[in-house]
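K.L.:
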Amino acid sequence: MTHSAEIITTGPSGTILADWIDRVGFGLIWALAAFALLLLIAPSLIVVMISFTETAYITFPPQGFTLKWYADLFSRQQIIDSAITSLRISVWSTAIALTLAVPAAFSLVRGRYPGKAFAGALIVAPQMIPGMVIGVALLFFGAYIAFRQSDLMLILGLTVFCLPFAVRLVMAQLQLLDPALEEASLSLGATRKRTFVQITLRQIIPAIVAGAAFVFIESFDNLTVALFTASPRGRPLSVELYNLVQYDSSPMVAALSSLEILFAFVIMLVLSRSVGLERLAK
Amino acid sequence: MIEANGVNKHFGSNHVLRDCTISVDTGEVVTLLGASGCGKTTLLRCIAGFETPDSGSLVLANQDVTRLPPNRRDVGFVFQNYALFPHMTVAENVAYGLKARKTAKETIRAEVDKVLDLVSLTEFARRYPKSLSGGQQQRVALARSLVLHPKVLLMDEAFNALDAKLRGAMQIELRKIVKHVGITAVCVTHDQAEALTISDRIAVMAEGRIQQFAAPDQIYDKPASAFVADFVGAANILPRKSAERFKTAHKSLNGSGALVIRPENFALSPSSQGGGVKGEVVFARLTGPAMEYEIALADGTILRALVDRDRQEPLAVGSTVEITIRNPDACVPLPGTA
Amino acid sequence: MAAAFWTRFRDGRGIWPAVPAFVFLTIFFIIPMAVLLSFGFTEIERGRIQDSGFTLRYLTGTLQDDLFWWVWWKSFYIGILSTLLCFLLAYPLAYLYSESGRTMRLLILVLTISPLLTSAIVRTYAWLVLLGGRRGVVNSTLIELGVISRPIRMLNTDFAVIVGMTQVHLPFMVLPLITVLAARDRNMEAASLGMGASRLATFFKIVLPLSTPGIVAGLTIVFALSYTNFIIPQLLGGGGFTTLAVQVYEQIVVVLNWSKGAMLALLLLGSCFVFILLIGLAGNRVMRWSQKEAA
């Protein structure tokens, strides 16, 4: 009797104040969430808007509308050259990283041998090291063997830096793969080769695509490795942009940044089509 | 059609299959029945070629296949979760094996249509497996194997993923299809009702050994061991001393160590008319057409009894009853103690 | 041989398919890291080995330098502060994600992942625009609103660096939190509410502690990124601003004192690992219920 009375009395008396605190507290939580969302998108939006300003300096809100900064951008040979350099470097590091990553992921997921855990740790180790340290280490190593800063050194550095991402993406997909699918294929009379191509490889293609996109984007954008390993002549776009941001205050830099944002958006569309964003979040 | 001779298999230090010998006739449906970890799935995977026995031999249709890879045995396999290829439509899944055999396109189309009709999935040909119900997926898996006209169909817990009601219907459906096609089939299950429904013969397995291999009624009526008696259907396994208290049991006991008495073989009378063993009802449960009782004897033994409701009004918990054996011939003596 | 390799690769069994990656990493990662380590203990000037003998001069010299400790403290406090700010913003956002429907979830994911695909310079550049001088967006807005009459110096301050780092690293905090929060068992919250706890109490006593694995992951990643970032301090902190990571860059690229740079890089890396370890240990302490047996 007393027990049930207690429940009834504590219920409503606590309710009004508790409700009020609840509302304020959650109001605060939602406000922070909204601010975080704003913080994620606003800077990029502002950069894009500023790139259309008619003024010769950066100002917000932008005044007028012009595409002259984009035209200016494409008239600068140095920028175009460095963009091409970046593209070439990214293609190479993506190709090398995936060529190494896919077989390694197979071995790390399906192999049975002593020291497998250690092998896995070694392959994802570069992820624990900041890009700067990877770049510096490669630069110093080069000094030993008379190997200078160059496109090749940058490609190697970026490959080291990105390999763990690619390996982990493919490994995650392989772990999800139901081994019964391959057994089913074999029992239906398919050869091992056919099974590998049509079932195994086909199933991990999304991970390979996502891995390639990530490595490509990271290689294209990367500055921390590039500052130490890129050739002083023929700099990649990221290093070029780094200098522009520091020394050039014209809205042309905003135009260049806007193009990179657009580029990222396109890549994301491709990724969400091929893999799905929820999966990427992991 | 299938001969397994003295098959042994180890996983590490784990001896999973111990001298398994089994022979399946053409057109027969055989079930490997046992609890999880008894080796039934391993034996099936050995027949399919996914595992290679450490010793012993496997013969399919008079050909020794012990060392043959799965894609060179003429065997269809239906997986526990069906293993349908998620990136292919129903029709593509079914056509997969035919394509691997480089069959002509028109033949593939005709064969696929025919088998989809057999499992009544014609209108689902263009759908992807994910959009199908569990029962439909199972039929796709079946069709995918049957279209290749394998000599043998193997099924690994093929009804596990279905809900209880659908499972019963699919079991009957499956037995009809298999018998219609006339294929030899080996199924694996831990569900005795499923085994009784679909099989011509059942092999009860435990600890890597085949305990008994016989027709369903034989397994139920004449279990070879206490394990089989207990695993298939409910059973009271009375050690000699307890069994002797039933006067009529003496004849069937015949010097053996224990006696198996099925719950439905007990008759309970509420009044003491003499001749029976006294006990107290400690639990009563309605199972549908019958009442199931737990009855405590004076020595603490608990007996399980099943009484049709049209034979007797339900007894209340706490009431005293006299227990007699209805058909002494249906009691099965077992050697040794249970 | 080639056929054998192909078979092994296809079956994915054995170590062979991973060997090319091992060889690559050994040559271009392990050996260079060893060289870096050795450079911290030898005399190297302008890329040339002066005296190949082993020396502890750079280690002791650095550790005895008051300036080093001052710089270290600055790196540490900037890193910690921006990590905590990141958490304060990311957690509500991840929670919002877990409580939202399809459309809102997609929006949050797009907004979280797209910055990851844009370069850090572009995102830092946005802050130059926002905080920069008289024409900076923040200042001009505040002046227009009449909050302030003269522009406040925002760029080239600790504030600018912390804000920039927080924003740039926000996605790295949000993603692990989303993973944990979206997969959580909501029955616990229902049970808590059913026992009479308020929604807020349920949030702090049930949701928050149970998401510890995601919190630890997020704090670890963001701290490591903030602590070792040298680009944001250089761009938003101005010329006089320095952190350990900035020092590494300057010693190696500008001063060309490679030995000192190598030593600083090693100290940066080592101290970073120590902090990450501490975060992990703290997480384990919070998560002691998840250990099977109490010690």
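Top to bottom, those sequences are chains A, B and C.
Heads up: the first sequence is residues 140 to 421, going by my numbering.
Heads up: the second sequence is residues 1021 to 1358, going by my numbering.
Heads up: the third sequence is residues 31 to 325, going by my numbering.
We treat Cβ as the ideally placed atom computed from N, Cα and C, and that holds for glycine.
(1) Say whether the region 1120-1138 of chain B touches the region 1181-1192 of chain B, bearing in mind that this needs 3 or more beta-carbon pairs closer than 8 Å, one atom from each stretch.
(2) Closer than 7 Å to a non-hydrogen atom of the ligand HEM - does that hold for the CB of H1107(B)?
(3) Give a yes or no on whether the minimum CB-CB distance between L1168(B) and chain A is below 8 Å.
(4) At which residues does the beta strand (DSSP E) containing S1153(B) begin and terminate?
(5) Less than 8 Å between the C-beta atoms of V1206(B) and R1164(B), yes or no?
(6) Can you pull the chain C residues whose beta carbon is under 7 Å from the beta carbon of Y252(A), in chain order?
(7) Scan the region 377-398 of chain A for residues whose Cβ lies nearer than 8 Å to a Cβ of chain C and list them as they occur along the chain.
(8) In chain B, which residues lie with their C-beta within 7 Å of the C-beta of A319(A)?
(9) Taking 8 Å as the threshold (beta carbon to beta carbon), is D211(A) in contact with chain C?
(10) Based on the DSSP secondary-structure assignment, which residues constitute the bridge partners of M1175(B)?
(11) What is the C-beta distance between L207(C) and I245(C), in whole angstroms, given that I count them as a contact (C-beta under 8 Å)?
(12) How about V248(A) and Q314(A): do their beta carbons lie closer than 8 Å?
(13) Comparing the C-beta of F1070(B) with each C-beta of chain A, is any distance below 8 Å?
(14) So the candidates are Q1212(B), Y1102(B), L1354(B) and L1288(B); which of them puts its Cα closest to the Cα of E1314(B)?
(15) When the Cα of D1319(B) is compared with those of R1329(B), V1297(B), K1171(B) and D1330(B), which residue comes out closest?
(16) Take the Cβ of S326(A) as the centre, count every other Cβ of all protein chains shown within 10 Å, and call the residue buried at 16 or more, exposed below.
(17) Buried or exposed: which applies to P303(A), given that a residue is buried once 16 or more other Cβ atoms fall within 10 Å of its Cβ?
(18) Look up F1233(B) in the DSSP assignment and give the residues it is bridged to.
(19) Ignore the nearest five residues each way along the sequence and tell me which others in L296(C)'s own chain have a CB closer than 6 Å to its CB.
(20) Name, please, each residue of chain A whose Cβ falls closer than 8 Å to the Cβ of P1090(B).
(21) Is any beta-carbon of chain A found at less than 8 Å from that of R87(C)?
(22) DSSP state of R1260(B), grouped into three classes?
(23) From the beta carbon of L126(C), is the nearest beta carbon of chain A less than 8 Å away?
(24) So, does the CB of G1032(B) fall closer than 8 Å to a CB anywhere in chain A?
(25) Cα separation between I1218(B) and A260(A)?
(26) Which of the three DSSP states is assigned to Q202(A) in this structure?
(27) Under 8 Å Cβ-Cβ, which residues of chain A neighbour A150(C)?
(28) Would you call the region 1208-1224 of chain B and the region 1054-1064 of chain B in contact, with 3 or more CB pairs under 8 Å?
(29) Between A329(A) and chain B, is there a C-beta pair that is closer than 8 Å?
(30) Within 10 Å of its beta-carbon, does F1031(B) have 16 or more other beta-carbons around it, so buried, or fewer, so exposed?
(31) Can you pull out the residues from the region 1111-1122 of chain B whose beta carbon lies closer than 8 Å to at least one beta carbon of chain A?
(32) How about M63(C): is its C-beta nearer than 8 Å to some C-beta of chain A?
(33) Give the secondary structure of C1040(B) by DSSP, where H, G and I count as helix, E and B as strand, and everything else as coil.
(34) Could you confirm whether any beta carbon from chain C is found closer than 8 Å to the beta carbon of R333(A)?
(35) In chain order, what residues of the same chain lie with their CB nearer than 8 Å to the CB of V1098(B), ignoring the 5 residues before and after it?
(36) Do you know how far the Cα of V1110(B) is from the Cα of P265(A)?
P.N.:
Walking through what the data contain:
(1) Because the criterion of three Cβ pairs below 8 Å is not met, the region 1120-1138 of chain B and the region 1181-1192 of chain B do not touch.
(2) Ligands are entirely absent from the displayed structure, and the ligand HEM is therefore not among its contents.
(3) Taking a beta-carbon distance threshold of 8 Å, L1168(B) counts as an interface residue toward chain A.
(4) It is not in any beta strand (DSSP E) - S1153(B) carries neither H nor E in the DSSP assignment.
(5) Taking 8 Å as the Cβ cut-off, V1206(B) and R1164(B) do not qualify as a contacting pair.
(6) Proximity of chain C to Y252(A) at the Cβ level (cut-off 7 Å) is accounted for by G44 and I45, in chain order.
(7) Within the region 377-398 of chain A, the qualifying residues are S377, L380, Y381, V384, Q385, V392, A393 and S396.
(8) Result: F1099, N1101 and A1103.
(9) Not a single CB atom of chain C sits nearer than 8 Å to the CB of D211(A).
(10) Under the DSSP definition of a beta bridge, M1175(B) partners with V1098(B) and C1207(B).
(11) Yes, L207(C) and I245(C) are in contact; Cβ-Cβ is about 7 Å, under 8 Å.
(12) Their beta carbons are under 8 Å apart, which means V248(A) touches Q314(A) by this criterion.
(13) Yes - at least one Cβ of chain A is within 8 Å of the one on F1070(B).
(14) For the residues Q1212(B), Y1102(B), L1354(B) and L1288(B), the minimum Cα distance to E1314(B) belongs to L1288(B).
(15) Of the candidates R1329(B), V1297(B), K1171(B) and D1330(B), the one whose C-alpha sits nearest the C-alpha of D1319(B) is V1297(B).
(16) So S326(A) ends up on the buried side.
(17) Around the CB of P303(A), 16 or more other CB atoms lie within 10 Å, so the residue is classed as buried.
(18) Note: F1233(B) is bridge-paired with A1223(B) in the DSSP secondary-structure output.
(19) Here L296(C) has G70 as same chain residues with Cβ atoms under 6 Å from its own Cβ, once five neighbours each way along the sequence are excluded.
(20) E322, L325 and S326, listed in chain order.
(21) No, R87(C) lies away from the interface with chain A (no Cβ there is under 8 Å from its Cβ).
(22) Of the three classes helix, strand and coil, the one that applies to R1260(B) here is helix, per DSSP.
(23) Interface with chain A (8 Å Cβ-Cβ cutoff): L126(C) is included.
(24) So no, G1032(B) is outside the interface.
(25) Their Cα atoms are separated by approximately 50 Å.
(26) Three-state result, Q202(A): coil.
(27) Result: D360 and L362.
(28) In the pairwise beta carbon analysis, the region 1208-1224 of chain B is classified as touching the region 1054-1064 of chain B: at least three pairs are separated by under 8 Å.
(29) Chain B contact via Cβ: present.
(30) Per the 10 Å Cβ criterion, exposed.
(31) Here the close residues are Y1116, G1117, A1120 and R1121.
(32) With 8 Å as the cut-off, M63(C) counts as an interface residue toward chain A.
(33) DSSP places C1040(B) in strand when its eight states are reduced to three.
(34) By this cut-off, R333(A) is not an interface position.
(35) Excluding sequence neighbours, V1098(B) sits near Q1158, A1161, L1162, S1165, L1173, L1174, M1175, D1176 and A1178.
(36) The straight-line gap from Cα to Cα measures roughly 44 Å.
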